[in-house]
DNA sequence: TATTGTTATACTCTATAACTATA
DNA sequence: TATAGTTATAGAGTATAACAATA
C-alpha cells in the first residue's frame with residue numbers, strides 16, 4: 001500500500017489532465033488496485049499473485065513444466081524455481097519427473113495444494129467482484145474479451 | 155523483456171486453464187505488454203512510464219506539488235523526489251516555491267520539457283494504437299470507461 | 001502537533017550470466 | 001549444439017523510518 005486514503009481529494013484535480021484519459025495509464029492504475037486487492041485476499045493463505053498463479057496452473061491438471069510456467073506467466077525461469085521451491089516446501093505442489101524428457105520437471109498440486117487453492121480462489125473471486133462492483137455482468141464479459149485481445153494478440 | 159518469442163506455442167495450451175479466463179490475470183498481462191510497449195517507445199527520449207507520467211502532469215500546467223504527484227501516481231514521496239531530481243537534472247522540469255505554502259514545491263515543465271513531451275506523446279500514442287489494433291474506436295472508448303470505473307471507484 | 005520534501009536503508013522484484021544434466 | 005532447471009548476483013523497483021523546515 002502506497003499513499004494513504006487521507007487527503008485523496010488533494011490530487012483529484014490532476015485527473016482532468018491528459019494522463020487521466022490515457023488508456024495505458026488507466027490500465028496501470030486498475031491493475032495496481034487489482035493486484036493490491038488480490039494480495040490482500042491471498043495474505044491469509046500465505047500466497048501472493050505470483051504463487052497463486054503457479055498453484056492455479058498446477059491444480060488445473062495440465063501438468064506444466066517449469067519452462068511452460070515461465071513462458072505463460074512471463075517470468076524468468078529462475079523466478080519459477082523460487083516460486084516452486086516455496087510452494088513445494090509448504091507441500092502444496094510437487095516436482096515430478098517428465099517421462100518424455102528427463103531434463104524437465106512437471107509441477108503437480110498435492111491434495112493440500114488443491115484444498116488451499118479452492119479456498120484462495122473463493123477469496124480472490126470475492127475481491128475481484130468487489131473491485132468490479134460498478135460493472136454489470138455483461139460489461140465484465142466485454143472487458144475480459146477486450147483485455148484478452150490485447151493480452152493475446154493473434 | 156522476459157521470455158523470448160521463441161517457443162510461445164509451448165505454453166499456449168495453458169491458456170485453457172481457469173487462470174486464462176481470470177479478468178485480474180488478463181488485466182495484469184495486458185498491463186505488462188502495455189508498459190513494455192510504452193517503455194520501448196520512450197527509450198529514445200530517455201524516459202520510462204514513471205518519468206513520462208510526471209513530465210505529463212508538469213506539462214499539463216496544473217502546477218502539481220510533489221505531494222499531489224505522489225498521491226495521484228500512487229508512488230511514495232521519496233520516489234517522486236528521485237523522479238523529479240532526474241527530470242530537473244535534464245532541465246525538463248523545474249521546482250518552483252509554492253507562494254501559498256513555503257514547504258511545498260510546485261513542479262513545472264520547461265520549454266524543453268514541453269517539447270520533449272510532445273514528441274514522446276506521439277511515440278507512446280503510436281505504441282498504444284498498435285497494442286489496441288484489434289479494437290475498434292468504440293471499443294477503445296468502452297474499455298477506457300470501464301477501466302476508469304475500476305481505477306477510480308466512486 | 002501535523003505536513004512537505006528529503007535522505008537513508010532494507011527489502012522485494014527482475015534481469016543476466018554461468019553451470020549441470022540431459023537432448 | 002541446444003534446452004530444462006538451477007544458482008549466484010546485481011540492478012531496479014518499492015516500502016519504511018527518521019529528519020529539517022514550515023504550517
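Protein chains in written order, with my numbering: chain A, 1 to 154; chain B, 155 to 308.
Ideal Cβ placement from N, Cα and C applies to all residues, glycine included.
These numbers come from a predicted model, not from an experiment.
Minimum Cα-Cα distance from residue 195 of chain B among the listed residues B:286, B:281, B:300, B:299 corresponds to B:281. With respect to chain B, the C-beta atom of residue 30 of chain A has a partner C-beta closer than 7 Å. For residue 90 of chain A, no CB of chain B lies under 7 Å from its own CB, so it is not counted at the interface with that chain.
Of the candidates B:288, B:249, B:226, the residue whose Cα lies closest to the Cα of residue 16 of chain A is B:226. Residues of the stretch 206 to 220 of chain B that bring their beta carbon within less than 8 Å of a beta carbon in chain A comprise 207, 210, 211, 214, 216, 218, in sequence order. Looking at the backbone, the Cα of residue 76 of chain A and that of residue 83 of chain A are separated by about 11 Å. DSSP places residue 250 of chain B in the uninterrupted beta strand (DSSP E) bounded by 247 to 252. Listed in chain order, the non-local C-beta contacts of residue 78 of chain A below 8 Å within the same chain number zero, local neighbours out to five positions each way being set aside.
Counting only runs of 4 or more residues that sit fully inside the stretch 159 to 230 of chain B, the alpha helix (DSSP H) segments are 163 to 166, 177 to 196, 203 to 213, 220 to 226, in chain order. If you compare the alpha carbons of A:99, A:130, A:93 with that of residue 35 of chain A, the shortest gap goes to A:130. Nearest in C-alpha terms to residue 262 of chain B, of all of B:279, B:239, B:275, is B:239. The three-state secondary structure of residue 288 of chain B, taken from DSSP, is coil.
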